[in-house]
Amino acid sequence: MSKICVIGVGYVGLVTGACLADLGNEVICLNRNQEKADNLKEGILPIYEPGLEEIVHRNLAAGRLLFTTSYDQAMEEARFVFVAVGTPSGSSGEADLAHVEAAVKGVASRIHQPLTIINKSTVPIGTGDWVADVVRENMPDPDIPFWVVSNPEFLREGSGVYDFMNPDRVVLGSTDQEAAQRVAELYYPLQTEIIITDLRTAEMIKYASNAFLATKISFINEIANVCEALGADVMDVARGMGADHRIAPQFLGAGLGWGGSCFPKDVKALIHMASTHGTNPSLLRAVTEINYDQRKRAVTKLRHILGGFRGKKIGIWGLSFKPNTDDMREAPSVEIIKLLQYEGAQVRAYDPVATENARKLLKNVTFGTDPYEVAEGADAVILVAEWNEFKQLDMTRVRDLMKQPVLIDGRNIYDPRRMKELGFTYRGMGRGYDEAGQPR
Ligand SMILES: NC(=O)c1ccc[n+]([C@@H]2O[C@H](COP(=O)([O-])OP(=O)(O)OC[C@H]3O[C@@H](n4cnc5c(N)ncnc54)[C@H](O)[C@@H]3O)[C@@H](O)[C@H]2O)c1
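Numbering (the working numbering), first residue to last: 1 to 440.
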């Protein structure tokens, strides 16, 4: 049992705090917002993450999980502090460390016993050294020992709890190997590979991993576009490629590309770091460009079919940046809807979970309560986020509800031949068409 403080109660902080409590630790989660803390004490979560509510409730009841807004209370018994605050993009693409700095200063000024500070936020290479400087400058008693460990997080929103409990690896970076070992002990119950490195290498592993995954998606999207031009089917191409163990099938789903709270800002931050340190990250620039072109490509396809959007009613299925999350950060749906509206379309949209968050970002959109409502009277529907509930819809009913049955399948979840048989004008991403522009 360890006394652990986790700063930040977002997707990473709350999952980390709740899961560490579930492993038997005493955990106190700190955030700045009193209403959030009060709600959490009642078991009301600020985010949607499958399975998380149950773990929070269980550990609240067991008294192992506390919530506070007070640094004094959070630091009282803490031996380990996990920093899991946001690191959004700054104006030049760099990671903005303002939240990290505020959190570290809050901690440093209250250090009264030996403390290990563990950075889980995704931060630029060199941040661990800077954090140590900030702590030294702000701690009341310079003789109290402290250590900084980088512990990048690899969980995926939508399966955060599972990923935390079943990681492929845990990465720990520190200038002090004993400090890294102490943090490793917190992860021993997970029986996973623990990779211990220096601070900068651990920080780089996170950026390199996200950049690689983003690259894999942009790669298959580029291949998808070539497939479309030449009449091949990218789904089968990906299957054929992914069967090769050196390639692997994950992240070979062609579609509208990546979004979310991590890939866009992390790729940007890596480009910024690379270019401000004298290297030319041309691959990463291309990866980004391909990604944003995919969104426009879906709109272009629809424009070709409808001959323009003025006065057209377009339905959108799925708003969150990916299924199983309410996170709307950098969601492709936002850019697609804005492009459609700019050209005069009326947009109706439905998402199983993200509607409330979407309302804050989108104007003049009518939000439906189910996918059929959104399809009713529509000139076209675009499937943007592939929530499971869209996969087995009654497509005959959808067809009959629509003004004209035009379907842009931004995530390739439908069978093109079946959609063609049902009478849809169907376009997937990279599926290959016959001379009449119909799926083969
Ligand atoms: N979301 C993911 O899937 C994911 C995965 C891996 C890594 N990360 C990284 O983890 C970090 C956190 O991401 P997230 O998605 O959980 O962010 P988030 O926006 O969901 O949560 C951030 C939390 O930090 C809190 N916070 C900010 N400043 C604070 C302060 N000074 N004191 C106390 N609380 C403060 C916010 O209130 C919020 O609860 C980021 O660096 C991100 O890149 C995220």
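Beta carbons: idealized from backbone N, C-alpha and C, even for Gly.
8 Å contact criterion, which residue i and residue j should meet: CB distance rounded
i	j	result
Gly428	Ala331	With 8 Å as the limit, Gly428 and Ala331 do not qualify as a contact, their Cβ atoms being about 20 Å apart.
Ile290	Gly93	Not quite, the Cβ-Cβ distance comes to about 17 Å (not below 8 Å), so this is no contact.
Arg431	Val135	About 54 Å; that fails the 8 Å criterion.
Pro152	Glu203	7 Å
Val381	Trp317	6 Å
Asn31	Gly63	With 8 Å as the limit, Asn31 and Gly63 do not qualify as a contact, their Cβ atoms being about 19 Å apart.
Ile44	Leu14	Between Leu14 and Ile44 the Cβ distance is about 12 Å, and since that is not below 8 Å, they are no contact.
Leu177	Ile194	It should be noted that the sequence gives Gln, not Leu, for residue 177. About 12 Å; that fails the 8 Å criterion.
Leu190	Ser150	Actually they are not in contact, since the Cβ atoms of Leu190 and Ser150 sit about 18 Å apart, beyond 8 Å.
Contact set for residue i: own chain, Cβ-Cβ below 7 Å, skip 5 residues either direction
i	result
Val299	Ile336, Leu339 and Leu340
Leu393	Pro371
Leu362	Val334 and Ile337
Glu386	Gly318, Pro323, Arg411 and Ile413
Leu252	Lys216, Ile220, Ala238, Met241 and Gly242
Val226	none
Thr201	Gly173
Buried versus exposed, by CB contacts within 10 Å (16 or more), residue i
i	result
Tyr188	exposed
Val452	A query on residue 452 cannot be resolved here, the shown segment of the chain reaching from 1 to 440 and no further.
Thr122	buried
Ser282	exposed
Phe212	exposed
Ser261	buried
Asn221	buried
Arg297	buried
Cys161	Residue identity differs from the one stated: residue 161 is Val in this sequence, not Cys. When all chains shown are included, Val161 counts as buried.
Ile314	buried
Lys403	exposed
Ala61	exposed
Thr116	buried
Glu157	buried
Ala269	buried
Ala98	exposed
Glu26	buried
Thr276	exposed
Asp409	buried
Thr127	buried
Glu228	buried
Proximal residues to residue i (C-beta, below 6 Å), its chain only, five neighbours per side dropped
i	result
Asn138	Lys105, Ala108 and Ser109
Ala214	Trp258, Phe263, Val267 and Val287
Ala232	Gly432
Asp96	Pro88 and Gly90
Ala224	Val234, Ala254, Met429 and Gly430
Gly368	Arg348, Tyr350 and Val374
Pro114	Pro145
Leu40	Phe67
Ala354	Leu319, Ser320, Asp326 and Met328
Glu77	Lys3
Residues near residue i by beta carbon distance below 8 Å, same chain, minus five either side
i	result
Arg239	Pro249
Thr16	Val6, Phe82, Ala84, Lys120, Glu153 and Phe164
Ile111	Met75, Val135, Met139, Pro140, Asp141, Ile144 and Phe146
Ala184	Val170, Leu172, Ile194 and Ile196
His57	Gly43
Residue i: CB within 7 Å of a non-hydrogen atom of ligand 2
i	result
Tyr11	Among the ligands modelled here, namely ligand 1, ligand 2 does not occur.
Checklist entry - Can you find at least 3 beta carbon pairs, one from the segment 165–173 and one from the segment 82–90, that sit closer than 8 Å? => result no
Checklist entry - Which whole runs of the beta strand (DSSP E) in the segment 122–155 are 3 residues long or more, in chain order? => result If we require 3 residues or more, the beta strand (DSSP E) runs fully inside the segment 122–155 come out as 146–150.
Item to check | Any 3 or more C-beta pairs closer than 8 Å across the segment 344–355 and the segment 304–315 | outcome: yes
Next on the checklist: With three or more beta-carbon pairs closer than 8 Å as the criterion, would you say the segment 125–141 touches the segment 16–26?
Outcome noted: no
Next on the checklist: In chain order, what are the residue ranges of uninterrupted beta strand (DSSP E) at least 3 long that sit wholly in the segment 367–438?
Outcome noted: 380–383, 406–409 and 425–427
Next on the checklist: Count Cβ pairs between the segment 370–385 and the segment 54–69 that sit closer than 8 Å; are there 3 or more?
Outcome noted: no
Next on the checklist: Extract the residue ranges of the beta strand (DSSP E) inside the segment 67–114, only unbroken runs of 3 or more that lie entirely within it.
Outcome noted: 80–83
Next on the checklist: For a minimum of 3 consecutive residues, which ranges assigned as the beta strand (DSSP E) are wholly contained in the segment 169–202?
Outcome noted: 169–174 and 193–197
Next on the checklist: Restricting to runs no shorter than 4 residues, where is the alpha helix (DSSP H) found entirely within the segment 235–315?
Outcome noted: 263–276 and 282–306
Checklist entry - Taking the runs of the beta strand (DSSP E) that are 3 residues or longer, which of them lie wholly in the segment 326–354? => result Counting only runs of 3 or more residues that sit fully inside the segment 326–354, the beta strand (DSSP E) segments are 346–350, in chain order.
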